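Asks: Handing you a structure now.
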Amino acid sequence: MDEVIALGRRHEAAGLTHEDLLSLYATMVLVRALDELILVLNRQGKAPIGIPCRGHEAAQMGSAWAALKDGQCFFFPYYRDLALKITVGVSAHEVLLSFLGKAGDPFSNGRQFPLQGADLRRRIIQLSNVVAAGLPQAVGYAWACRYLGEKTVVLAYFGDGATSEGECHEAMNFAGIHRVPIVFFCENNGYAISVPQRKQMAIENVADRAAAYGFPGIVVDGTDLFEVYEATRRAIEHARVNGPVLIEAKVERLSPHTTDDDDRRYRSREDLEQARRRDPLQRLRQYLLQEGLLTAEQEAAIWERVRRQVEEATRQAEEAPYPSATTLWEHVYAS
Amino acid sequence: MGEKSVIEAIREAMREEMQRDERVIVLGEDVGARGGVFLATQGFLEEFGEARVIDTPLAEASIVGIAVGAALKGLRPIAEIQFADFAWPAFNQLLGEAARACYGSFGHVRVPLVVRIPYGGGIRGGLYHSQNVEAYFFHTPGIKVVAPATPYDAKGLLKAAIRDDNPVVFLEHKKTYRLVRGDVPEEDYILPLGKAEVKHEGSQITVISYGLVMHYCLQAARKLTSEGISVEVVDLRTLRPVDRETVLGSVRKTGKVLIVHEDNRTGGVGAEIAAILAEEAFEYLDAPIRRLCGPDIPTMPFAPTLEEAYMPTTEKIVAALRELAAY
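Now the structure itself:
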C-alpha cells in the first residue's frame, strides 16, 4: 500500500493529469497493436521489414510527451522510434503507408525504410539508417536554431550500439564545447543486434561518458513513463539555458532486432523472460489499475477502439497505391 | 578589375557572400585566428566574429555532419576540409547523408552546403597531401562537384555554390592557389554551375581537362600552334553535373579528343567523359579517344622523380597531342 501511495505522489508530482495518463495509455496500446500488426504483415510478405519498439515505449513516449509539453522541441529520432512518432502525431494510417512503402508515406513517400526521411509537420528529421550519423546533424541543427535566435531544443535519439561510433563522440564533444541546446537520449536496451553491452563498452552506464564532454549525464529507468517524462522535462529546461544533457534510458528489447533477426541465436530465453517483467505497457497498466485510474470497462473500450482503428488503417493502407515509377527521378536535387 | 590569385578570389567570394547573407557561416580546422592553413579565411574572425567563423575540433566527420545539420535548419554553411587527404572520415556525412537527404525525404529537406576541399599535387605533398578525390564525389548523385582552374572561375563558381540549395563539393587545386593569377572583377558576379568553358579555341583536337592540369593543356595547345596543330581546350569547371553539350560540341567539331586529369585513370572523370563521347559522338570521331591521367597507384609519391613521373606535365600532353594529330 505504501508503494502505491508513493507511485501516486510521483505521477502527480510530475504534473501529469488523469486525462494525460489515459491518453498516454491509449497511445501505448496503439503502438503495441501496430508493433504486432507489422510483424504479421511482414510474415504475410506485405511489409518488407519490421523494427519492433516493444520495451522502448515508455522511454520514447515519456520523452516525447515532455517535448510536446515544452512546445519548442525538434526531433532527430532513430529507426526504433515508432512510439515517439505516434506520440508526436503520426497516425496509424501513415505508419502503415510507411511500412508498406506506399505513396503518401509522410517521411519519404516510399523511398526509405519505414518512418525515415523527414516529417517537418511533426518536427522530425531522420535521414538514414547509419547509426550515429544523425547525431552531428542534430547538434548542427540545434546550434543553428540558437544562431537564429530560436528557443528550440533538439532531442536526438540513438541506441547503445550507436555510442560506439566516432560520430557520437564527435557530436557530443562539439555540443559540450559550444553548449548546444540538445538532449542526447540513449535508449539502452543492452544489445547492438546480437552484441551485448559487455562487448560494446567497458562501463556500466553510457551516461558516465557525459562527464568527459563537460555536461550532465543521467540514468533513468526507461520502462518507467513518469521517471522518463520528469527527467526529460528537466533536461530540456537545462539544455535551453546551459547546454547538453545526456539521458540514458535503460530499456528492454522485448523482440529480436528486426523481423530479419532471430534472437534465439544469441539471447537466452531466461534473459528474455526476465526482461518481460519490465514491459512498459504492463507497468503503466498495473499502475493505472492500482491507482484506480482505469476501469476494466475503459480498458476494454481502449483496446476495442484501437482494434478498429488499426483494422481500418490497415485496410486503407493496403488499398493505397504504391508511388508511381514516374517519381523515381524526383528530388535528386533541390530546385 | 584587378589581378588576383586563386586563393584571393576564393577569399573574396566567401567574404562577399558572408557580407551579403547572415546565413552564410564558415567552419573547419584553423579557420579562425589562423585564417585557415592556406589563409582562405584570413581576417574573417575579426570581421564576422566567433559565431560565424567556427574553429572546430580536429574531426572531419562532424565538421561536415554539423554543417549538414545547420544547413537542414536553413543556414548556408561553408565547411573547410583542410586537405582532401583528410576528407575520408567525412565521406559518410557527405556521400551517405547530405547527398541523399533531399531524395530520401522526398524533397522535404534540402542541404544548402558547400564543402571546400583543397586537393591535388605537384607540391611535394607526398602520399597524404597530394590526393585527388574527385572521382568519389563525381560518382554520387545528389551532390554537385566543382573544380575551377582560374581565379575568375573560382570566385564566380564559389558564389554560385554558396547560393545553391544542394550540397556542393568545391575542389580547389592547391598548386593553383598562388601560382595562377588572373583578372577578377571587384563587383558581384555568378558563374552558373554545370557550364564548361572553351579556354582555347582550335579545330583539330579537343583536350578536355580541369583544375591545375588544364593550365598545362593550355600551354601545350599554345606550343603546338607553332607546329600547325590546332588544339581546342575545354575546361569542365563543374564535374557534376557535367556539361555534355560543350564537350560534345567541341568533339563533333574536331573529331579527336584527349582527356587529361591528374586523378587516377581507372573510374576517373575521364572514363565517364569517354563513355559519353563513345555513346553520343561515335560517328564524329576520327581517332580513338585518348586519356592522359594519373597512373593507377595510390597517389603521387614524395620524391621529386616519382612525383614528376606521376604528373601529367605539359611535355606529356604535347607528346600525346602530337600522336593524336598524326593519327
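Chains as they are written, first to last, in this note's numbering: chain A, 19 to 353; chain B, 135 to 461.
Beta carbons are placed, not taken as given, at the ideal position from N, Cα and C, and that holds for glycine.
Quick caveat: nothing in here was measured; it's all calculated off a predicted structure.
(1) Provide the residue span of the beta strand (DSSP E) that contains Cys427 of chain B, from first to last.
(2) Based on the DSSP secondary-structure assignment, which residues constitute the bridge partners of Ile159 of chain B?
(3) Can you tell me whether Ser337 of chain B is buried or exposed, with buried defined as 16 or more other CB within 10 angstroms of its CB?
(4) Are there 16 or more other CB atoms within 10 angstroms of the CB of Pro438 of chain B, so buried, or fewer, so exposed?
(5) Distance check for Ile67 of chain A and Asn60 of chain A, CA to CA, integer angstroms please.
(6) Using only the alpha-carbon positions, how far apart do Arg141 of chain A and Leu100 of chain A sit?
(7) For the alpha helix (DSSP H) that Arg378 of chain B lies in, which residues bound it at each end?
(8) Out of curiosity, what's the CA-to-CA distance linking Leu370 of chain B and Ala213 of chain B?
(9) Using a Cβ-Cβ distance under 9 Å, would Asn191 of chain A count as near chain B?
(10) Would you check if the distance between the CB atom of Val246 of chain A and the CB atom of Val259 of chain A is smaller than 9 Å?
(11) Beta-carbon within less than 6 Å of Ser264 of chain B's beta-carbon, same chain only, minus the 5 sequence neighbours each way: which residues are those?
(12) For Glu127 of chain A and chain B, any beta-carbon pair shorter than 9 Å?
(13) Using DSSP bridges, identify the partner residues of Gly135 of chain A.
(14) Quick one: using the 10 Å Cβ neighbour count with 16 as the cut-off for buried, is Ile197 of chain B buried or exposed?
(15) What is the rounded straight-line gap between the Cα of Gly122 of chain A and the Cα of Gly240 of chain A?
(16) Tell me whether the stretch 298–314 of chain A and the stretch 72–80 of chain A touch, counting them as touching only if at least three CB pairs, one residue from each stretch, are closer than 8 Å.
(17) Is the Cβ of Leu264 of chain A closer than 9 Å to any Cβ of chain B?
(18) Ends of the beta strand (DSSP E) at Asn206 of chain A?
(19) With 16 other CB atoms within 10 Å as the buried threshold, where does Val224 of chain A fall?
(20) If you check the beta carbons only, do Val324 of chain A and Ala44 of chain A fall under 9 Å apart?
(21) Given a limit of 8 Å on CB to CB distance, which residues of the stretch 128–145 of chain A reach chain B?
(22) Given a threshold of 16 other Cβ atoms within 10 Å of its Cβ, counted over all protein chains shown, does Val58 of chain A qualify as buried or as exposed?
(23) Please specify which runs of the beta strand (DSSP E), each continuous and at least 3 residues long, are wholly inside the stretch 244–280 of chain A, giving them in chain order.
(24) Just verifying my parser: in three-state terms, what is the DSSP assignment at Cys4 of chain A?
(25) Can you tell me whether DSSP reads Ile23 of chain A as helix, strand or coil?
(26) Answer with buried or exposed for Ile221 of chain A, where buried requires no fewer than 16 other C-beta atoms within 10 angstroms of its C-beta.
(27) What's the C-alpha gap between His349 of chain A and Arg283 of chain A?
(28) When DSSP labels each residue in this structure, what does Lys138 of chain B get in the three-state scheme?
(29) Within 10 angstroms of the Cβ of His196 of chain A, are there 16 or more other Cβ atoms? Answer buried if so, exposed if not.
(30) Evaluate the contact criterion for the stretch 354–363 of chain B versus the stretch 314–326 of chain B: three or more CB pairs, one atom per stretch, below 8 Å.
(31) From Asp287 of chain B to Arg251 of chain A, what does the alpha carbon distance come to, in whole angstroms?
(32) Would Gln155 of chain A count as contacting chain B if we go by Cβ distances under 9 Å?
(33) When the Cα atoms are used, what is the spatial distance from Lys329 of chain B to Ser343 of chain B?
(34) Specify the secondary structure class of His307 of chain B as computed by DSSP and reduced to three states.
(35) Check the C-beta distance from Ile200 of chain A over to Val157 of chain A and give it rounded, since I have them as a contact under 8 Å.
(36) Taking just the CA atoms, how far does Ala230 of chain A sit from His187 of chain A?
Replies: On the basis of the supplied data:
(1) 424–428
(2) B:Pro211
(3) exposed
(4) exposed
(5) 6 Å
(6) 15 Å
(7) 378–388
(8) 23 Å
(9) yes
(10) no
(11) Gly255, Thr433, Met434
(12) A small fix is needed here, since residue 127 of chain A is Asn in this sequence, not Glu. It does: the Cβ of Asn127 of chain A has a partner Cβ on chain B nearer than 9 Å.
(13) A:Gln144
(14) buried
(15) 32 Å
(16) yes
(17) no
(18) 200–206
(19) buried
(20) yes
(21) Arg129, Gln130, Gln134, Gly135, Ala136, Asp137, Leu138, Ile143, Leu145
(22) exposed
(23) 263–268
(24) Nothing about residue 4 of chain A can be read from this structure; chain A reaches only from 19 to 353.
(25) Confidence at Ile23 of chain A is low in this model, with a pLDDT of 49, below 50, so the placement of that residue is unreliable and no value is reported for it.
(26) exposed
(27) 41 Å
(28) strand
(29) buried
(30) no
(31) 52 Å
(32) yes
(33) 13 Å
(34) strand
(35) 6 Å
(36) 10 Å
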